[in-house]
């Protein structure tokens with residue numbers, strides 16, 4: 001059974017920040033403000049759906065392990081969960097939800113599908129998102145289904161994050177070395193070099209006032225009014241040239257893939273992984289590299305427009321863009 005929704009407008013909001021930055025506190029305050037102060041604006045009904053990684057990924061040691069297959073599988077599950085929410089809001093099929101968080105989400109969805117007015121839904125994803133590739137995956141989802149995407153980066157020093165983390169209960173505290181390592185790898189939004197990050201807001205970690213929360217809500221409102229649009233391809237020759245990549249692009253992709261695979265294999269070889277397992281992993285990465293190259297050659301895998309152009313124009317930042325994109329593809333469960 002399906003239900004028709006009247007003009008549902010989706011805005012996906014991704015939070016970025018270290019553990020202990022106050023990111024989740026800000027997220028909670030923002031949710032409360034949106035739910036109580038912005039119920040209706042310009043004849044648009046507002047709804048919020050909060051997705052918190054800490055609530056959905058068990059507090060086991062693998063939560064912050066970059067190379068853990070369990071960690072990757074858990075994160076993949078949340079991305080798929082958000083995708084299911086989008087499908088529900090776009091096609092309006094009722095999800096089969098069972099846990100307490102999902103029950104709360106269902107209540108919000110029911111409010112959306114039952115109203116007769118234009119509706120805006122903020123899907124707020126609360127996680128560290130320290131790699132740009134983690135966020136780009138959500139941007140791709142917004143681009144594919146033509147809804148809005150924005151980022152909120154809670155900027156915080158390592159020392160402040162460590163101090164706040166130390167005051168947490170032991171069951172919720174994050175190991176200090178994880179916070180330090182995450183800070184070293186953190187890739188803040190870069191609007192200048194990554195056009196897809198244009199709707200990004202950096203806020204300092206502090207005690208937020210109502211006035212500051214209101215400013216953030218205005219930023220969200222602006223972002224929601226600008227959905228991500230897939231570029232039009234009116235020229236048939238242009239379509240063909242994008243489908244079948246140039247020799248230069250394929251060459252750069254192959255070099256980057258070999259580097260990334262080499263880096264990951266060296267990291268694994270320094271652990272207690274058995275030799276047979278390393279050989280099996282090497283074969284899996286090689287097969288995946290060939291699969292990615294073939295997908296890009298045939299057009300089943302599309303390199304982001306800005307990255308593709310940066311490679312062809314030999315721009316200085318093309319390597320970082322390509323690495324971000326390929327890191328998201330080079331995943332072995």
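Residue numbers (the UniProt record's numbering): 1 to 333. The C-beta atom is built at its ideal place from N, Cα and C for all residues, glycine as well.
query, result
"Chain-order list of residues whose beta-carbon lies under 6 angstroms from that of residue 202 (same chain, five-residue window excluded)", "153 and 155"
"Best match in 280, 77 and 37 for proximity to residue 53 [C-alpha to C-alpha]", "77"
"Delimiting residues of the beta strand (DSSP E) encompassing residue 151", "148-155"
"Nearest-angstrom Cα separation, counted from residue 300 out to residue 249", "15 angstroms"
"Of the listed residues 17, 222 and 326, nearest to residue 261 (C-alpha basis)", "326"
"Range covered by the alpha helix (DSSP H) that runs through residue 181", "176-185"
"Expected contact under 8 angstroms - CB spacing of residue 322 and residue 252 to nearest Å", "6 angstroms"
"Distance between residue 148 and residue 142 (C-alpha atoms, nearest Å)", "6 angstroms"
"Three-state secondary structure assigned by DSSP to residue 144", "helix"
"Spatial neighbours of residue 214 in its chain, beta-carbon cut-off 6 angstroms, leaving aside the 5 residues before and after", "none"
"Other residues of its chain near residue 165: CB distance less than 8 angstroms, five sequence neighbours each side excluded", "19, 20, 173, 174, 176 and 179"
"Range of the contiguous alpha helix (DSSP H) that encloses residue 216", "210-224"
"Whole-Å CB distance - residue 217 paired with residue 30, under 8 angstroms assumed", "7 angstroms"
"Whole-number beta carbon distance between residue 120 and residue 224, since they are thought to touch under 8 angstroms", "6 angstroms"
"Given residue 13 as reference, the closest of 209, 193, 276 and 226 once Cα atoms are compared", "226"
"Residue interval of the beta strand (DSSP E) (run including residue 126)", "119-126"
"Helix, strand or coil at residue 189 according to DSSP, with G and I counted as helix", "coil"
"Local Cβ density within 10 Å of residue 205, reported as buried at 16 or more and exposed below that", "buried"
"Bounding residues of the alpha helix (DSSP H) (the contiguous stretch that carries residue 158)", "158-166"
"Under the three-state DSSP convention, the category residue 301 falls into", "coil"
"Cβ-Cβ distance between residue 23 and residue 15 below 8 angstroms", "yes"
"Identity of the residues DSSP links to residue 15 by a beta bridge", "152"
"Bridge partner(s) assigned by DSSP for residue 9", "120"
"6 angstroms Cβ shell around residue 318 - same chain, five flanking residues per side excluded", "310 and 311"
"Enclosing beta strand (DSSP E) for residue 201 [first to last residue]", "200-204"
"Whole-Å CB distance - residue 130 paired with residue 187, under 8 angstroms assumed", "7 angstroms"
"Range covered by the alpha helix (DSSP H) that runs through residue 328", "318-329"
"Alpha-carbon spacing of residue 200 relative to residue 276, whole angstroms", "45 angstroms"
"Selection from 73, 37 and 79 that minimises the alpha carbon distance to residue 51", "79"
"Spatial distance of residue 146 from residue 75 (CA atoms)", "23 angstroms"
"Where residue 57 sits in the DSSP three-state scheme", "coil"
"Cutoff 8 angstroms; reference residue 258; Cβ partners in own chain excluding five residues on either side", "289"
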